[in-house]
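A.B. asks: Please find one structure pasted underneath; my questions will follow.
In my numbering, the protein residues as written are 1379 to 1829.
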């Protein structure tokens, strides 16, 4: 027996969470399907260093449901709010406690009336006249079918769109995606001693702001000092690799103090693999854990600040880049650098484009000097009339995706996609035919920044 909804959102990560809440608040009957046992993706299943980024150099460019979520997490005691990035990479970072975020997220979904279906995988789509009409899923309840008038793909890898036969792009010009990474979360780190080491050896670290790093540390407010973001450790990594302690050759790593005292999250591991091939993806998960363990052992051996540390968690393998679904507009690197195309703005972002080399040890960074506009046309499938996309699977180039994939931006595109999907269902129109003035009115009513 087929169960009916107005909108089905596939994927309950940051984008899917915001898409579901925004549509439900517009009176839609929403089903949110998630294949894992956790909502909000790497925010709760990570570890993730921080949510990035809500600001450009002048103002806040991501608000709406994403900002409401942050405020709820602050009220519940699980978020530091937006603090200055001491590495100068992003304008701000937003440190958080994953379990409190999980609680805040479930509350918001319940209050909005979203129906949640966890540990459930979509197996196939039924199509009629360029529209998805239903999906077949599998879970502990075995096979079930759910129908809807509108769909939003927030799976990250564009799984729903691919199942429905949509065209897509993948990887760089050679078909290689950015490498996969599993974060390492440590406890018992002496962050005071670590800061002293940084002050003694500033040449070991990168800093992306015009303000000198030491001046940034001196000027930082107390909560920025508690949420220290470091980028570098060049000699440490070089020595570890050359000594055989580290099997992975890296020229830099990111380290950020966690929400609670003594915690630190390290972005070090790197595995070249095809994230759409589950054999490769599974092997990458195992390899990343081994790399993370090697790093921890090397830090304990070589750095006083890590001498008494312990492993809290090695995260599930993180995917930077999957399918990029074909939409009505393909966002490019040049557009982000220029602030976005003058189309129909749906959301904004401000994170730099960072491209981790698939086969190398380094990365390329293309700064974004100010917030950029994300057009609604990039969130609408060109192949299916009732399918929206949000998060890292929207229509863009490999280079542009290096910025668009980031958490806060995914939340913004998720909210925009949910709004457009709801208006399409209400007006009985194809997504691309929805009156943009109505979309804009609702985007602003829900507190979003679009230009």
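Every residue, glycine too, gets a C-beta built ideally from N, C-alpha and C. Note that this is a predicted model, so its numbers are computed, not measured.
Determine the burial state of residue 1723: buried for a count of at least 16 other Cβ atoms within 10 Å of its Cβ, exposed for fewer.
C.D. replies: It is buried - the Cβ of residue 1723 has at least 16 other Cβ atoms within 10 Å.
A.B. asks: Report all residues from its chain with a CB closer than 8 angstroms to the CB of residue 1380; omit the five preceding and five following residues, and keep chain order.
C.D. replies: Within the same chain, residue 1380 has close Cβ partners 1512, 1523, 1524 and 1525.
A.B. asks: Just the Cα atoms here: how many angstroms apart are residue 1417 and residue 1706?
C.D. replies: Spanning the two alpha carbons is a distance of roughly 29 angstroms.
A.B. asks: Quick check: is the beta carbon of residue 1803 nearer than 8 angstroms to any beta carbon in chain D?
C.D. replies: Among the chains of the structure shown, chain D does not appear; only one protein chain is present.
A.B. asks: Between which residues of its own chain and residue 1822 is the CB-CB distance below 8 angstroms, once the five residues before and five after are set aside?
C.D. replies: Excluding sequence neighbours, residue 1822 sits near 1828.
A.B. asks: Secondary structure at residue 1681, three-state DSSP: helix, strand or coil?
C.D. replies: Of the three classes helix, strand and coil, the one that applies to residue 1681 here is coil, per DSSP.
A.B. asks: Could you check what DSSP says for residue 1707 in three-state terms: helix, strand or coil?
C.D. replies: Residue state, collapsed to three classes: coil.
A.B. asks: What are the boundary residues of the beta strand (DSSP E) that residue 1511 is part of?
C.D. replies: First-last of the beta strand (DSSP E) with residue 1511: 1510-1517.
A.B. asks: From the DSSP output, which residues share a beta bridge with residue 1812?
C.D. replies: According to DSSP, residue 1812 bridges with nothing at all.
A.B. asks: Would you call the stretch 1430-1441 and the stretch 1540-1552 touching, i.e. three or more CB-CB distances under 8 angstroms?
C.D. replies: Because the criterion of three Cβ pairs below 8 angstroms is not met, the stretch 1430-1441 and the stretch 1540-1552 do not touch.
A.B. asks: I think residue 1475 touches residue 1637, with their Cβ atoms under 8 angstroms apart; what is that distance to the nearest whole Å?
C.D. replies: Contact holds; Cβ gap of about 4 angstroms.
A.B. asks: Could you tell me the distance, in whole angstroms, from the CA atom of residue 1495 to the CA atom of residue 1811?
C.D. replies: Straight-line Cα distance between these residues: approximately 30 angstroms.
A.B. asks: Between the C-alpha atoms of residue 1762 and residue 1649, what's the straight-line distance to the nearest angstrom?
C.D. replies: Using only the alpha carbons, I get a separation of about 34 angstroms.
A.B. asks: Kindly indicate the opening and closing residues of the alpha helix (DSSP H) around residue 1607.
C.D. replies: Segment 1607-1610 is the beta strand (DSSP E) holding residue 1607; no alpha helix (DSSP H) there.
A.B. asks: Considering just the uninterrupted stretch of the alpha helix (DSSP H) at residue 1445, what are its terminal residues?
C.D. replies: Start and end: 1442-1453.
A.B. asks: Relative to the C-alpha of residue 1567, which residue among 1472, 1796, 1626 and 1677 is closest?
C.D. replies: The shortest C-alpha separation from residue 1567 is found at 1677.
A.B. asks: Flag this pair as yes or no: are the beta carbons of residue 1782 and residue 1768 separated by less than 8 angstroms?
C.D. replies: Taking 8 angstroms as the Cβ cut-off, residue 1782 and residue 1768 do not qualify as a contacting pair.
A.B. asks: Taking the alpha helix (DSSP H) that residue 1584 belongs to, which residues open and close that run?
C.D. replies: Element bounds for residue 1584: n/a, residue is neither H nor E.
A.B. asks: Helix, strand or coil for residue 1730 per DSSP?
C.D. replies: Residue 1730: coil per DSSP, three-state reduction.
A.B. asks: Can you grab the Cα-Cα spacing for the pair residue 1632 / residue 1509, in whole Å?
C.D. replies: Whole-angstrom Cα-Cα distance: 43 angstroms.
A.B. asks: Distance, Cα to Cα, residue 1815 vs residue 1616?
C.D. replies: If you take the alpha carbons of residue 1815 and residue 1616, they lie about 55 angstroms apart.
A.B. asks: Indicate whether the contact test is met: 3 or more Cβ pairs, each with one atom in the stretch 1652-1663 and one in the stretch 1696-1714, closer than 8 angstroms.
C.D. replies: Cβ pair count under 8 angstroms is three or more, so yes.
A.B. asks: Within this structure, are the beta carbons of residue 1367 and residue 1491 separated by less than 8 angstroms?
C.D. replies: Outside the shown range of the chain (1379 to 1829) lies residue 1367, about which nothing can therefore be said.
A.B. asks: What residue from 1564, 1754, 1586 and 1681 has the CA that sits closest to residue 1644's CA?
C.D. replies: Among 1564, 1754, 1586 and 1681, the Cα nearest to that of residue 1644 is on 1564.
A.B. asks: Going by other Cβ atoms of all chains shown within 10 Å of its Cβ, with 16 needed for buried, is residue 1462 buried or exposed?
C.D. replies: Label assigned to residue 1462: buried.
A.B. asks: On the three-state DSSP scale, how would you describe residue 1803?
C.D. replies: In this structure, residue 1803 counts as helix in the three-state DSSP scheme.
A.B. asks: On the CB-based measure, 16 or more other CB atoms within 10 Å of its CB, does residue 1383 come out buried or exposed?
C.D. replies: The residue is buried, with at least 16 neighbouring Cβ atoms inside 10 Å.
A.B. asks: Measure the alpha-carbon distance for residue 1734 versus residue 1818 and round it to whole angstroms.
C.D. replies: If I take the Cα positions, the gap works out to 35 angstroms.
A.B. asks: Across which residues does DSSP place residue 1474 in a beta bridge pair?
C.D. replies: For residue 1474, which the question treats as bridged, DSSP gives the partners 1457.
A.B. asks: With a floor of 3 residues, list each beta strand (DSSP E) that falls wholly inside the stretch 1384-1440, ordered by position along the chain.
C.D. replies: Correct list: 1408-1411.
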